[in-house]
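Visitor: After the structure tokens below, expect a handful of questions from me.
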Amino acid sequence: MGFREASNESADFDDVRVTAADGTVLLADDFSGGLGAWEVAAPGRQADEWTLARKDVALQGRKVVRARAYVAASHTYELWIDGKRADRGQSFSYPGEGYYQASDVTDLVKGEREVGLGLVAHWYGSGQGRPAGVPGVLARVVIEYADGSTQTVVTDGTWKVTEGPYVQAGRRNGEGEQIEHLDGVRKAALEGWDEDGFDDTGWADAVVLGTHPAAPFTHLQGQETRIDESTARPVRMLTADDGTVVADFGKVIPARPVVRFDDGVAGRVVQMRAGYTLNEDGRVGTSTLQTQGTNMVYPYTQVDGEQSFEAFTHLGFRYLEIPAAGEEIDRRDVSAVVVHTTVPEGQEATFDSDDETLDAVWDMMQRSALYSVQEAFVDTPTREKGQFLGDAANISYATMQGFAERDATQQAIREFLASEKRHWSSNPNDAGRYNAVYPNGDGKRDIPDYTEMFVDWVWRYYQVTGDRALLEEAYPSIQRTAEYVRRHIPTSGPTAGLVTNLTGGSGAYQYGIVDWPEPGRFGYDMGTAARTVINALGVEVLRRTADMAEALDRPAAEAAAYRSAEDGLVEAMNGKLRRTDGVYVDGLRADGTQSDHAGQHSTSFAVAFDVAPASDLPALAEHLAGMGMKQGPMTVHRLLQALGKADRPDAVLRLLTNPDDLGFANILAQDGTFTWEAWTLDAGSNHSQSHGWGAQAAVDVTETLLGIRPDGAGGSTVRIVPPASGLDRASGSVPTQRGEVALSWERKRHGVRASLEVPVNVTARVELPKIDGASYKAVGNTDARLVGTVGDRVVFEVGAGKTQFVPLPR
Numbered sequence: 001m002g003f004r005e006a007s008n009e010s011a012d013f014d015d016v017r018v019t020a021a022d023g024t025v026l027l028a029d030d031f032s033g034g035l036g037a038w039e040v041a042a043p044g045r046q047a048d049e050w051t052l053a054r055k056d057v058a059l060q061g062r063k064v065v066r067a068r069a070y071v072a073a074s075h076t077y078e079l080w081i082d083g084k085r086a087d088r089g090q091s092f093s094y095p096g097e098g099y100y101q102a103s104d105v106t107d108l109v110k111g112e113r114e115v116g117l118g119l120v121a122h123w124y125g126s127g128q129g130r131p132a133g134v135p136g137v138l139a140r141v142v143i144e145y146a147d148g149s150t151q152t153v154v155t156d157g158t159w160k161v162t163e164g165p166y167v168q169a170g171r172r173n174g175e176g177e178q179i180e181h182l183d184g185v186r187k188a189a190l191e192g193w194d195e196d197g198f199d200d201t202g203w204a205d206a207v208v209l210g211t212h213p214a215a216p217f218t219h220l221q222g223q224e225t226r227i228d229e230s231t232a233r234p235v236r237m238l239t240a241d242d243g244t245v246v247a248d249f250g251k252v253i254p255a256r257p258v259v260r261f262d263d264g265v266a267g268r269v270v271q272m273r274a275g276y277t278l279n280e281d282g283r284v285g286t287s288t289l290q291t292q293g294t295n296m297v298y299p300y301t302q303v304d305g306e307q308s309f310e311a312f313t314h315l316g317f318r319y320l321e322i323p324a325a326g327e328e329i330d331r332r333d334v335s336a337v338v339v340h341t342t343v344p345e346g347q348e349a350t351f352d353s354d355d356e357t358l359d360a361v362w363d364m365m366q367r368s369a370l371y372s373v374q375e376a377f378v379d380t381p382t383r384e385k386g387q388f389l390g391d392a393a394n395i396s397y398a399t400m401q402g403f404a405e406r407d408a409t410q411q412a413i414r415e416f417l418a419s420e421k422r423h424w425s426s427n428p429n430d431a432g433r434y435n436a437v438y439p440n441g442d443g444k445r446d447i448p449d450y451t452e453m454f455v456d457w458v459w460r461y462y463q464v465t466g467d468r469a470l471l472e473e474a475y476p477s478i479q480r481t482a483e484y485v486r487r488h489i490p491t492s493g494p495t496a497g498l499v500t501n502l503t504g505g506s507g508a509y510q511y512g513i514v515d516w517p518e519p520g521r522f523g524y525d526m527g528t529a530a531r532t533v534i535n536a537l538g539v540e541v542l543r544r545t546a547d548m549a550e551a552l553d554r555p556a557a558e559a560a561a562y563r564s565a566e567d568g569l570v571e572a573m574n575g576k577l578r579r580t581d582g583v584y585v586d587g588l589r590a591d592g593t594q595s596d597h598a599g600q601h602s603t604s605f606a607v608a609f610d611v612a613p614a615s616d617l618p619a620l621a622e623h624l625a626g627m628g629m630k631q632g633p634m635t636v637h638r639l640l641q642a643l644g645k646a647d648r649p650d651a652v653l654r655l656l657t658n659p660d661d662l663g664f665a666n667i668l669a670q671d672g673t674f675t676w677e678a679w680t681l682d683a684g685s686n687h688s689q690s691h692g693w694g695a696q697a698a699v700d701v702t703e704t705l706l707g708i709r710p711d712g713a714g715g716s717t718v719r720i721v722p723p724a725s726g727l728d729r730a731s732g733s734v735p736t737q738r739g740e741v742a743l744s745w746e747r748k749r750h751g752v753r754a755s756l757e758v759p760v761n762v763t764a765r766v767e768l769p770k771i772d773g774a775s776y777k778a779v780g781n782t783d784a785r786l787v788g789t790v791g792d793r794v795v796f797e798v799g800a801g802k803t804q805f806v807p808l809p810r
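Take the sequence shown: its letter number 741 is residue 741 in my numbering, and every next letter is one higher.
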């Protein structure tokens with residue numbers, strides 16, 4: 001007789017009794033002795049491993065001037081010094097690609113004669129966003145004294161370890177996320193473990209793998225990103241029909257719940273549950289759609305009396321229910337630790353306009369972008385905490401321009417470069433491809449258009465930051481990506497000249513994902529061999545590779561070869577992928593015939609990536625605008641970008657603010673507070689209600705509807721282009737590498753009255769709408785220079801400082 005655990009389960013055995021039909025007892029075991037009497041078929045480590053490690057350290061009795069801690073762990077750790085948390089960090093990378101984190105712990109050791117060092121290490125196997133690796137902790141604490149001497153403490157065999165106070169509770173979903181069940185009884189028995197003088201005689205000696213660099217931790221790099229933690233309180237407390245207390249935080253947040261109990265009962269398990277929406281009875285919804293297919297429970301085993309439950313791992317949620325608590329729970333008892341990547345203080349983009357819906361959409365997109373980056377960019381902070389390339393690129397657009405974020409982006413770019421080296425570059429037929437998710441637990445897998453998107457993302461990062469070093473580091477892989485695209489352009493046959501069946505992906509992603517989830521494709525013809533979207537992205541790969549070659553002062557012939565390939569692909573697209581009215585079809589079939597379907601994606605991508613002839617833009621923009629929203633959140637930026645390039649800010653505004661069509665305003669109309677994975681919440685699906693990739697459209701608000709368009713690498717130049725139609729007033733700011741650019745404007749009878757502030761060492765090209773019978777005067781900056789009238793714009797050039805542009809009748 002035996003018991004079996006499924007791959008997504010962790011069994012908890014207690015008082016099992018099995019009887020035959022005649023009442024004969026076949027098995028009776030209360031498991032008070034654990035599993036010692038049972039034969040385990042596949043011995044191994046726990047699926048969700050929690051380890052406490054400690055050591056008492058006697059200081060040297062001299063004045064401490066500085067103390068630093070350097071810690072690395074697989075996967076997450078907390079460092080505690082005399083009962084106070086000193087640091088928290090993580091490394092979800094493959095062994096050899098991991099991170100260590102440095103922290104200043106001076107204040108925690110100053111004036112002490114002896115301190116207790118404690119480490120919490122959480123390893124939870126393979127899953128989305130992390131390879132399994134092996135559990136391990138490496139720590140070094142360096143204490144510097146006023147007399148110039150130092151004292152160094154390292155993890156070694158003198159440390160003591162024991163299992164942390166958690167119950168194996170199974171997985172939340174099939175993505176490898178574990179249910180966190182804190183056992184308050186065991187926690188209470190360990191009270192003071194992280195303080196000097198704790199009795200650890202019952203603890204085991206730490207197992208030493210060797211002196212660093214010991215396999216598998218052969219190489220570590222300094223962690224530049226950090227996690228910001230802030231406390232959120234419920235905006236209201238609700239009561240379900242059955243009396244269950246439900247805390248409403250007002251919006252979806254990525255957070256670790258905290259609940260205080262005044263009258264706990266030892267052994268009572270409170271099944272707290274987080275969620276996105278409520279059922280009609282007031283309880284937190286648990287359907288696949290409402291939870292992204294995730295068990296969002298936080299079980300907690302109480303002790304007697306006052307206590308607090310503090311989660312160690314986060315989920316995305318809006319509601320937290322606390323059923324059967326046995327006491328009154330009010331707003332003061334509930335909070336949550338909101339977690340996202342740290343961004344520079346005081347450098348957040350701003351936006352305000354005369355359209356309240358647009359302002360609300362902007363707020364949601366900004367919040368969604370920031371809340372989609374924790375230890376890395378994530379698919380969603382609930383279902384899949386993996387760093388998908390497509391999601392990361394989209395979200396990074398928004399965080400770089402919206403929050404002056406740099407560290408998470410450069411870390412992610414380097415990680416995807418590492419994926420090319422680990423999985424793809426050694427095979428000439430695979431070189432230049434990148435993992436769809438990295439780091440990750442499922443090894444080598446890609447999505448072709450994600451690989452293409454990577455090139456645009458690296459170029460965008462360079463344009464925003466001017467970081468030539470990273471561009472140079474990435475360039476060899478980028479070259480291989482350009483060759484990957486070129487390898488798939490046949491010189492003869494029905495699809496000659498076009499990117500055809502771009503190798504990669506599988507199932508619904510084979511040869512390219514186009515858009516996702518599937519409803520977001522809106523019928524895109526996936527049966528085509530030469531897909532228009534893939535070809536437009538291919539143009540961008542070749543164009544940006546040429547741009548990089550020029551920026552890095554590579555040989556002229558090198559850049560020219562990529563430029564020639566780009567021009568050839570553009571010519572082929574315009575010759576073979578358009579209907580007679582200029583609208584782009586979804587692609588060519590293998591026999592060279594055009595697809596019968598001409599989805600919005602095909603034309604929007606052709607316009608967004610400058611494939612469509614300039615003379616066609618007015619008609620194509622009218623065509624796109626007339627379709628409404630026929631692209632998913634994953635690619636909506638390309639639609640808005642296309643309309644912006646075609647000078648249709650009115651259409652951009654309409655798509656962003658129409659509550660009756662699919663889109664962001666419709667999400668708000670349904671009480672959504674975070675951008676979604678898809679525009680619709682389809683019954684039976686696990687479509688996420690906390691998906692940051694649509695937040696990329698925040699750049700379309702600042703660039704098209706406000707009119708601040710960073711231009712030169714590193715923010716050296718900026719274009720100021722207030723829209724000629726749509727809004728009547730807007731103001732806002734964008735952080736650049738050289739400082740904040742601020743703009744406010746208001747539409748007047750004779751044009752746009754604008755106020756602009758430009759940081760030092762930046763040149764702005766100001767392009768104001770031309771109004772017949774009117775002109776503009778620049779006031780407040782003596783170096784403002786009128787360039788002249790270009791098309792339907794009056795153009796000025798201005799340097800640092802504040803300048804107002806006043807429309808005047810002639």
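All C-beta atoms, glycine included, are put in the ideal place defined by N, C-alpha and C.
Could you check which residue in W50, F249, Y509 and G538 has the C-alpha nearest to that of A565?
Guide: It is G538 whose Cα lies nearest to the Cα of A565.
Visitor: For the pair the segment 141–150 and the segment 60–71, tell me if three or more CB-CB distances fall below 8 Å.
Guide: Because the criterion of three Cβ pairs below 8 Å is met, the segment 141–150 and the segment 60–71 touch.
Visitor: Quick one: grab the DSSP three-state call for D359.
Guide: Correct three-state label for D359: helix.
Visitor: Among the candidates A28, D647, S716 and M629, whose CA atom is the shortest distance from the CA of E740?
Guide: When only C-alpha atoms are compared, the closest one is S716.
Visitor: Work out the CA separation of N440 and V794 for me, nearest whole Å.
Guide: Near 51 Å, if we compare the C-alpha coordinates of N440 and V794.
Visitor: Relative to the C-alpha of V570, which residue among A536, T409, A551 and L552 is closest?
Guide: Out of A536, T409, A551 and L552, A536 has the C-alpha closest to the C-alpha of V570.
Visitor: Could you check the C-alpha separation between N8 and P257 for me, to the nearest Å?
Guide: The predicted position of N8 is uncertain, since its pLDDT is 44 and thus under 50; no value can be drawn from it.
Visitor: Check Q479 in the structure and name its three-state DSSP category.
Guide: Three-state result, Q479: helix.
Visitor: Tell me, please, which residues DSSP counts as bridged to H122.
Guide: In DSSP, H122 forms a bridge with W50 and T76.
Visitor: Enumerate in chain order the residues of its own chain whose CB-to-CB distance from G568 is below 7 Å, with the five nearest sequence positions on each side excluded.
Guide: Closer than 7 Å at the Cβ level, and outside the excluded window around G568, lie G497.
Visitor: From P43 to G443, what distance separates their C-alpha atoms?
Guide: With a pLDDT of 45 at P43, under the threshold of 50, the modelled position of that residue is not reliable, and the figure given next carries that caveat. Distance between the alpha carbons of P43 and G443: 24 Å.
Visitor: Is A311 closer than 9 Å to T244 when the C-beta atoms are compared?
Guide: Against a cut-off of 9 Å, the Cβ pair of A311 and T244 comes out as no contact.
Visitor: Given this structure, state the Cα-to-Cα distance separating A606 from P613, to the nearest angstrom.
Guide: In a straight line, the C-alpha of A606 is about 9 Å away from that of P613.
Visitor: Quick one: grab the DSSP three-state call for S775.
Guide: Reduced to three states, the DSSP call for S775 is strand.
Visitor: Going by C-alpha to C-alpha distance, which of G125, V779 and A678 sits closest to I179?
Guide: Minimum Cα distance to I179 is reached at G125.
Visitor: How far does the beta strand (DSSP E) with I179 in it extend, from its first residue to its last?
Guide: Run containing I179: none; DSSP gives neither H nor E here.
Visitor: Please check the pair A549 and E558, which I expect to be a contact at CB under 8 Å, by giving their CB distance rounded to whole angstroms.
Guide: The Cβ separation is near 5 Å, so the contact holds.
Visitor: Quick check on the burial criterion: 16 or more other C-beta atoms within 10 angstroms. Buried or exposed for H219?
Guide: Classification of H219: exposed, given that the 10 Å Cβ count is below 16.
Visitor: Look at the alpha carbon of G788 and the alpha carbon of L768, and state the distance between them as a whole number of angstroms.
Guide: Their backbone Cα atoms lie some 11 Å apart in a straight line.
Visitor: Does any C-beta atom of chain C lie closer than 9 Å to the C-beta of T657?
Guide: Within the model displayed, chain C is absent; a lone protein chain is all it includes.
Visitor: Distance check for Y397 and T228, CA to CA, integer angstroms please.
Guide: The question names Thr, yet the displayed sequence has Asp at residue 228. So the two alpha carbons sit approximately 20 Å from each other.
Visitor: Confirm, please, whether the CB-CB distance from V120 to T51 is below 9 Å.
Guide: It is a contact, given that the beta carbons lie within the stated cut-off.
Visitor: With DSSP collapsed to three states, give me the class of S602.
Guide: Looking at S602 - three-state DSSP - the assignment turns out to be helix.
Visitor: Apart from the five residues just before and just after A764, which ones in its own chain have a Cβ nearer than 6 Å to its Cβ?
Guide: The answer, listed in chain order, is V718, I720, V758 and V798.
Visitor: So what does DSSP say about A42, is it helix, strand or coil?
Guide: Note that A42 has pLDDT 44, beneath the 50 cutoff, so the model's placement of it is unreliable and no number is given.
Visitor: For a test of the three-state rule: what should DSSP assign to E321, helix, strand or coil?
Guide: Three-state DSSP puts E321 in a strand.
Visitor: Curious, which full-length beta strand (DSSP E) runs of at least 3 residues does the segment 275–304 contain?
Guide: Those beta strand (DSSP E) runs which fall completely within the segment 275–304 and span 3+ residues are 297–301.
Visitor: Within 10 angstroms of its Cβ, does D682 collect 16 or more other Cβ (buried), or is it exposed?
Guide: With fewer than 16 Cβ atoms within 10 Å of its Cβ, D682 is classed as exposed.
Visitor: Ends of the beta strand (DSSP E) at L389?
Guide: No beta strand (DSSP E) holds L389; the alpha helix (DSSP H) holding it covers L389 to F403.
Visitor: If you draw a straight line from the alpha carbon of A21 to that of T288, how long is it in whole angstroms?
Guide: Whole-angstrom Cα-Cα distance: 38 Å.
Visitor: Please report the straight-line C-alpha distance between V760 and G801, rounded to a whole angstrom.
Guide: C-alpha separation (whole angstroms): 7 Å.
Visitor: When DSSP labels each residue in this structure, what does V207 get in the three-state scheme?
Guide: Three-state DSSP puts V207 in coil, outside helix and strand.
Visitor: Roughly how many angstroms lie between the CA atoms of T301 and D262, to the nearest whole one?
Guide: The alpha-carbon atoms of T301 and D262 are separated by roughly 14 Å.
Visitor: Taking only the alpha-carbon atoms, compute the straight-line gap between A369 and F198 and give it to the nearest angstrom.
Guide: Straight-line Cα distance between these residues: approximately 44 Å.
Visitor: Grab the span of the beta strand (DSSP E) containing E740 for me, first residue to last.
Guide: Element bounds for E740: G739 to K748.
Visitor: Within its chain, find whatever has a CB closer than 8 Å to the CB of E483; leave out the 5 residues flanking it on each side and keep chain order.
Guide: So the list reads A431 and G432, once near-sequence residues are dropped.
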